[in-house]
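For what it's worth, this note's numbering labels the leading residue of the sequence shown as 9, then goes sequentially.
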Amino acid sequence: MTETLAFGTVDTVLGRLLVSETETGIVSLDFRDTPAARERAARRTGLPVVDAPGRLDPALAALRDYFAGDLKTFELPIDWRLTGDVQRQVLGTLYETVPYGRTITYGDLGDRSGTGVHAQVIGQVMGGNPIPLIVPCHRVVASNGIGGYSGGSGVEVKRWLLTLEGSIPATLDWDIASPPR
9 MTETLAFGTV
19 DTVLGRLLVS
29 ETETGIVSLD
39 FRDTPAARER
49 AARRTGLPVV
59 DAPGRLDPAL
69 AALRDYFAGD
79 LKTFELPIDW
89 RLTGDVQRQV
99 LGTLYETVPY
109 GRTITYGDLG
119 DRSGTGVHAQ
129 VIGQVMGGNP
139 IPLIVPCHRV
149 VASNGIGGYS
159 GGSGVEVKRW
169 LLTLEGSIPA
179 TLDWDIASPP
189 R
């Protein structure tokens, strides 16, 4: 059987997210549903795109529940084909060992993953994460602050996600319904 790629979207307070899934699992997540994002996912996977009603229902429901504050752990199958060996090891360690409400520093994730790569390289791995939110690169922080974030509109989205999860305290003006865009 030939593997295929299917797309699904979910409207969230951060905007409409695009989720790409193969028969193996979630392969990518983009913060914007654009033709370019769809073309990029199809090109990177090299798979034919199909309409697959229902295939993405569990992932889309999980994302809705996450943004409502009702889901703490994503238990979705992941298709790691868009990652190299070191990236897969680091992201897999992150996915499996850093739960909702917790953070880890770039350096500690490098140590925990067993890859021996430095904090700066871990930052590059996070920046290249094809499945942000589900593989929670927003939970990886600098030893002296929040660090960077390449998802959505950047570090303010990271701050908002960490506040949603209770990893950092909410400011007086924080509002779950008013995230950065």
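The beta-carbon is built from N, C-alpha and C at its ideal position, and this holds for glycine as well.
Rounded to the nearest whole angstrom, the CA to CA distance from Q128 to S175 is 22 Å. Within the region 31 to 105, complete beta strand (DSSP E) segments of at least 3 residues are found at 34 to 38, given in chain order.
Between P144 and V165 a beta carbon distance of about 13 Å is seen, past the 8 Å cut, so the two are scored as non-contacting.
Using a Cβ distance threshold of 8 Å, V98 and V133 count as a contacting pair. C-alpha of A45 to C-alpha of L26: approximately 8 Å in a straight line. Residues L71, R72, F75 of the same chain have their beta carbon placed closer than 8 Å to that of T20, with the five preceding and five following residues left out of the count. Note on geometry: alpha-carbon atoms of V149 and G156 lie some 8 Å from one another.
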